[in-house]
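Novice: First residue of the sequence shown: 1, per the numbering used here; consecutive thereafter. Beta carbons: idealized from backbone N, C-alpha and C, even for Gly. Let me give you the structure first, and then I'll get to my questions.
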Amino acid sequence: MGGMAFCSPVPIRSLHISSASAVTTTTTITTTTTTTAAAFRPLPTARTPFGSSCSTRTLHAHVRLRPHPLSAMASVAAPKVASSAAPFLAPVQPVTAEGPVECVTPPRPCRRRIRPTCSVAQVPASVNVGYIVDGIVFRSARLDEDAIDWAEWARLGGVLEGLLGAKTDEDRAAMQERVHRYYLPLFFWMRGVVATAAADWDGKGDAPPPVVLGISCPQGGGKSTMVRLFEHLFAKSNLPCIQASLDDFYLTRADQLALAAKHPGNALLAERGLPGTHDVDLLAATLDSLRAGRPTPIPRYNKTAFAGRGDRADVASWPVSPPGLRVILLEGWALGFSSSVPSAAPLVCPDMAAVDVYTGSHLAAVNAQVDALVCISAEDVHYVYGWREQAEAETRAKGLGGLTSEQVRAFVGGFMPCYEQYGECLRQEVAAGTWAGKPALGVTIDVNRKPIA
1 MGGMAFCSPV
11 PIRSLHISSA
21 SAVTTTTTIT
31 TTTTTTAAAF
41 RPLPTARTPF
51 GSSCSTRTLH
61 AHVRLRPHPL
71 SAMASVAAPK
81 VASSAAPFLA
91 PVQPVTAEGP
101 VECVTPPRPC
111 RRRIRPTCSV
121 AQVPASVNVG
131 YIVDGIVFRS
141 ARLDEDAIDW
151 AEWARLGGVL
161 EGLLGAKTDE
171 DRAAMQERVH
181 RYYLPLFFWM
191 RGVVATAAAD
201 WDGKGDAPPP
211 VVLGISCPQG
221 GGKSTMVRLF
231 EHLFAKSNLP
241 CIQASLDDFY
251 LTRADQLALA
261 AKHPGNALLA
271 ERGLPGTHDV
281 DLLAATLDSL
291 RAGRPTPIPR
301 YNKTAFAGRG
311 DRADVASWPV
321 SPPGLRVILL
331 EGWALGFSSS
341 VPSAAPLVCP
351 DMAAVDVYTG
361 SHLAAVNAQV
371 DALVCISAED
381 VHYVYGWREQ
391 AEAETRAKGL
401 GGLTSEQVRA
411 FVGGFMPCYE
421 QYGECLRQEV
431 AAGTWAGKPA
441 LGVTIDVNRK
451 PIA
């Protein structure tokens, strides 16, 4: 693959970008036109394009509803990056019934390059405003390019790069693509939701209650990494934030055994995981306390207890919410799923009948607590098998045990009925702007956890 680039410096503004090595670099933006003869093969399966949905209100600050920007260079392709996966989320080839899945996605064209004036090594040429705004997530979020403080964007990008790190130039290029075309667009969209809620708050001088931002993502899709990074970015934006996971609200071991006894022979409710196995009363009480501004312990779950079957961790180990809380990040693989009863969709297996009842009651109560939703969907839900196998292989390599490949297939297989029953419906609701009448942003990722729609 080869190409020629023609650059004519057009200084627009000076930015200060902090690299991973904490070196500050002064940069200017230049205009770039890139041509290439590269040909890209299309994906073998069709996808449903993802848009975003917001409430009828216009999101404050950086988020303004408007038509997706059209690229005047749609026929121009930039050279393909050798690897699109950061070192902390390495590429995998999932094991499915159909065999390995290959994803080849052409990158977006570059228009304006953020060009360093001192060290090219510190700020690679791939970091540019045009490259960012042409990204899938930026366009899906409908962020307003003119309203964004690009100096702040660069500063926060440097923060993320410092947190993630990269050992090679290839890793660094992949990391910067993930930071600037995935994480930061999601963060700016979420922060716009928080700003809108604050602008709409009429509390007669009282501080607005914290906003609950839900992040729905398949197991192994990178949600834990995202939540950790977003919590850090909100803190950098002077918006105190705390994270919670649906996994931390599983029933106690005793209550889980009682649930299994109530549904004898139902393998889907025999162990923790699916709707019905969460303590929704504890979740509601926790969120109510947080919204009231009280210092609140956030439950934690010990998945290693009872030989891996799990139990709620001791209360003494629960973190307490910070004062002045503004954001609650609630993540979960099943967050946003809704019962199939209203749509009369057939059940994927008989055991799902009981699960669907809990989805329509327990999980619906959880969804009602969410003010806005980020929905990350896998292009093929069976990628979860490969993602989990990757994690377990790394654990085994460290001599820490870990599930065997056969155990991984059995474990993930217990969640598949839920993914197959509700996953596509949630994708469509988010894309159509009909998810609970609340702001929602959908992104589809490929096997390497890279946004593709």
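Which residue from A344, Q176, L229 puts its Cα closest to that of Y131?
Specialist: In the sequence shown, residue 131 corresponds to position 131, counting from 1. Looking at the Cα atoms, Q176 is the closest of the given residues.
Novice: Near P319, what residues of its chain come up, given a Cβ to Cβ distance below 8 Å and the 5 sequence neighbours on each side ignored?
Specialist: On the sequence shown, position 319 is the one that residue 319 refers to. Closer than 8 Å at Cβ, skipping near neighbours: I242, P297, I298, R300.
Novice: Are the Cβ atoms of A334 and L363 separated by less than 8 Å?
Specialist: Working through the sequence shown from its first residue, we reach residue 334 at position 334. Working through the sequence shown from its first residue, we reach residue 363 at position 363. Contact flag set, yes.
Novice: Skipping 5 residues on each side, what residues in its chain have a beta carbon closer than 6 Å to that of S21?
Specialist: Here the question's residue 21 lines up with position 21 in the sequence shown. Bear in mind that the predicted position of S21 carries a pLDDT of just 36, short of 50, making it too unreliable to give a figure here.
Novice: Using the beta-carbon count (16 or more within 10 Å), is C375 buried or exposed?
Specialist: For this step, residue 375 is matched to residue 375 along the sequence shown. Buried.
Novice: Nearest to A305 by alpha carbon, out of L325, G293, R272?
Specialist: Numbered from 1 along the sequence shown, position 305 holds the residue referred to as residue 305. Of L325, G293, R272, the residue nearest in Cα terms is R272.
Novice: Tell me the DSSP bridge mates of N302?
Specialist: Here residue 302 is taken as the residue at index 302 of the sequence shown, counted from 1. DSSP lists D311 as partners of N302.
Novice: One question on the structure: do R312 and T252 come within less than 8 Å of each other, judged by their Cβ atoms?
Specialist: Here residue 312 corresponds to residue number 312 of the sequence shown, with the count starting at 1. Here residue 252 corresponds to residue number 252 of the sequence shown, with the count starting at 1. For R312 and T252, yes; Cβs fall inside 8 Å.
Novice: Quickly, what does DSSP pair T444 with across the bridge? List them, please.
Specialist: Here residue 444 corresponds to residue number 444 of the sequence shown, with the count starting at 1. Paired residues: S377.
Novice: Can you tell which of D206, I148, G162 has its C-alpha closest to the C-alpha of R191?
Specialist: In the sequence shown, residue 191 corresponds to position 191, counting from 1. When only C-alpha atoms are compared, the closest one is I148.
Novice: Cα separation between D144 and V443?
Specialist: Within the sequence shown, numbered from 1, the residue matching residue 144 stands at position 144. Within the sequence shown, numbered from 1, the residue matching residue 443 stands at position 443. Cα to Cα, D144 sits roughly 18 Å from V443.
Novice: Under the rule that 16 or more other beta-carbon atoms within 10 Å means buried, what is V341, buried or exposed?
Specialist: Position 341 of the sequence shown, counting from 1, holds the residue named residue 341. V341 should be labelled exposed.
Novice: Hey, how far is the Cα of Y385 from the Cα of A391?
Specialist: The residue you call residue 385 lines up with position 385 of the sequence shown. The residue you call residue 391 lines up with position 391 of the sequence shown. Between Y385 and A391, the C-alpha separation is close to 10 Å.
Novice: With DSSP as the reference, please indicate the residues paired to I242 in a beta bridge.
Specialist: Counting from 1 along the sequence shown, the entry for residue 242 is found at position 242. In DSSP, I242 forms a bridge with I328.
Novice: Within the region 167-237, note down every full alpha helix (DSSP H) run reaching 4 residues or more, in order along the chain.
Specialist: As far as the region 167-237 is concerned, its whole alpha helix (DSSP H) runs of at least 4 residues are 169-178, 184-200, 223-236.
Novice: Please name the residue in V212, P185, R155 whose C-alpha comes closest to that of S289.
Specialist: Stepping through the sequence shown from its first residue, residue 289 is reached at position 289. The alpha carbon of S289 has as its nearest neighbour, out of V212, P185, R155, the alpha carbon of V212.
Novice: Whole alpha helix (DSSP H) runs in the region 335-409 with 4 or more residues, listed along the chain?
Specialist: 352-358, 364-368, 383-397, all fully within the region 335-409.
Novice: What did DSSP end up calling L251 once you bin it into helix, strand or coil?
Specialist: Here residue 251 corresponds to residue number 251 of the sequence shown, with the count starting at 1. In this structure, L251 counts as coil in the three-state DSSP scheme.
Novice: Is the Cβ-Cβ distance between F187 and F230 less than 8 Å?
Specialist: Counting from 1 along the sequence shown, the entry for residue 187 is found at position 187. Counting from 1 along the sequence shown, the entry for residue 230 is found at position 230. Yes, the pair counts as a contact, with Cβ atoms nearer than the cut-off.
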